[in-house]
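**Q** Numbering (the working numbering), first residue to last: 14 to 193. Got a structure for you, questions after.
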C-alpha cells in the first residue's frame, strides 16, 4: 500500500505526473480495455470508452481518497463509463438496452477483433439475458478472473451478495445453454 501511495503522489506531482501517467497507461490499458470490452462487446466502442475512462482518471486523481485500491477505483470508473455509454447508445438508437445488446451480440461474428466461436456467442447470448448486476459479476469473475474481494470494492457490494449473484448467473447460463 505504501508503494501505491508513492505512485499516486507521483501522479499528482506536476514534475513526475507525465511519466507516472505513462506508467499507469502501460499497466492498466489492456486490463481496463478487456473489462470494458466485456461490457460493451464492440471493439470500437470499447476503445472510445477507454479513452474517456483515462481522461476521467486523469481529471479526478486529485479526488482519489485512497479508501480503496487504485485498481478498484479505476475499474469502478471504467464500469460506470461503459454502462453509461450503453444507456446513451440505446437511447440515441431509440431501442431498449436489451435489443441493443442482442444486436451487438449478433454482430460479434463480423467483428474482426472477436476470435470466438459459436459456443462463445451462445454464452454471450445467455449472459445478455441476465440482470445487469449478475452480468457484471459473472463477467468480472469468469472472464477476468477477479477475486470476489476486488469485485466487491469495484461494485460496492458485499462478497456474500456477489457469490449469490454469481451462483444464480451460472445456473441461468447453464439452463440457457442446455436448452438452446
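Where is the CB? At the ideal position from N, CA and C, for every residue including glycine.
1) Please classify residue 180 as buried or exposed, where buried requires at least 16 neighbouring CB atoms within 10 angstroms.
2) How would you label residue 148, buried or exposed, when you count the other beta carbons within 10 angstroms and need 16 or more for buried?
3) Is it true that the stretch 18-25 meets the stretch 129-140, where meeting means three or more beta-carbon pairs spaced less than 8 Å apart?
4) Compute the beta-carbon to beta-carbon distance between residue 164 and residue 154, rounded to the nearest angstrom, for a pair I have assumed lies under 8 Å.
5) Quick check on DSSP: helix, strand or coil for residue 158?
6) Beta-carbon separation of residue 156 and residue 178 under 9 Å?
7) Give, in chain order, every unbroken run of the alpha helix (DSSP H) that is at least 4 residues long and sits entirely within the stretch 75-125.
8) I'd like the span of the alpha helix (DSSP H) that includes residue 31, first residue to last.
9) Here's a check: name, in chain order, each residue in its chain whose Cβ is nearer than 8 Å to the Cβ of residue 143, leaving out the five neighbours to either side.
10) Taking the alpha-carbon positions, what's the residue 135 to residue 28 distance?
11) So for residue 224, helix, strand or coil by DSSP?
12) Measure from the alpha carbon of residue 42 to the alpha carbon of each residue in 74, 84, 174, then state which is nearest.
13) With a threshold of 7 Å on Cβ separation, who are the neighbours of residue 109 within its own chain once the five nearest residues in sequence on each side are excluded?
14) Starting from the C-beta of residue 171, find all residues in its chain whose C-beta is less than 7 Å away, skip the five residues before and the five after it, and write them out in chain order.
15) Determine the DSSP secondary structure at residue 65, reduced to helix, strand or coil.
16) Let me know the secondary structure DSSP gives residue 26 once reduced to three states.
17) Could you give the distance in angstroms between the alpha-carbon of residue 192 and the alpha-carbon of residue 116?
18) Does residue 73 come out as helix, strand or coil in the three-state DSSP assignment?
**A** So, from the listed chains and residues:
1) Indexing the chain shown from 1 puts residue 180 at position 167. Result: exposed.
2) As a working note, residue 148 is residue 135 in the chain shown. Residue 148 is buried by the Cβ-count criterion.
3) A contact between stretches requires three or more CB pairs, one per stretch, nearer than 8 Å, and the stretch 18-25 fails this requirement with the stretch 129-140.
4) By 1-based counting over the chain shown, the position of residue 164 is 151. By 1-based counting over the chain shown, the position of residue 154 is 141. Indeed they touch by this definition, with Cβ atoms about 7 Å apart.
5) As a first step, residue 158 is located in the chain shown; it is residue number 145 there, counting from the start. Residue 158 falls in the coil class under three-state DSSP.
6) Here residue 156 is taken as the residue at index 143 of the chain shown, counted from 1. Here residue 178 is taken as the residue at index 165 of the chain shown, counted from 1. Inclusion of residue 156 and residue 178 in the CB contact set at 9 Å is not warranted, their separation being larger than that value.
7) Listed in chain order, the complete alpha helix (DSSP H) runs (minimum 4 residues) inside the stretch 75-125 are 83-106, 110-119.
8) Counting from 1 along the chain shown, the entry for residue 31 is found at position 18. Here the alpha helix (DSSP H) through residue 31 covers 30-53.
9) Residue mapping note: residue 143 aligns to position 130 of the chain shown, counting from 1. Only 151, 182, 185, 186 meet the Cβ criterion.
10) Along the chain shown, one-based indexing puts residue 135 at 122. Along the chain shown, one-based indexing puts residue 28 at 15. If you take the alpha carbons of residue 135 and residue 28, they lie about 50 Å apart.
11) Because the chain in this structure spans residues 14 to 193, residue 224 falls outside the shown range and cannot be described.
12) Taking the chain shown and counting its residues from 1, the one referred to as residue 42 is at position 29. For the residues 74, 84, 174, the minimum Cα distance to residue 42 belongs to 84.
13) Along the chain shown, read from residue 1 onward, the residue named residue 109 stands at position 96. Excluding positions up to five away in sequence, the list reads 103.
14) For this step, residue 171 is matched to residue 158 along the chain shown. Excluding sequence neighbours, residue 171 sits near 165.
15) Along the chain shown, one-based indexing puts residue 65 at 52. Helix, per DSSP.
16) Here the question's residue 26 lines up with position 13 in the chain shown. If DSSP states are grouped into helix, strand and coil, residue 26 belongs with coil.
17) One-based indexing of the chain shown puts residue 192 at position 179. One-based indexing of the chain shown puts residue 116 at position 103. Going by the C-alpha atoms only, they are around 21 Å apart.
18) Counting from 1 along the chain shown, the entry for residue 73 is found at position 60. Helix, per DSSP.
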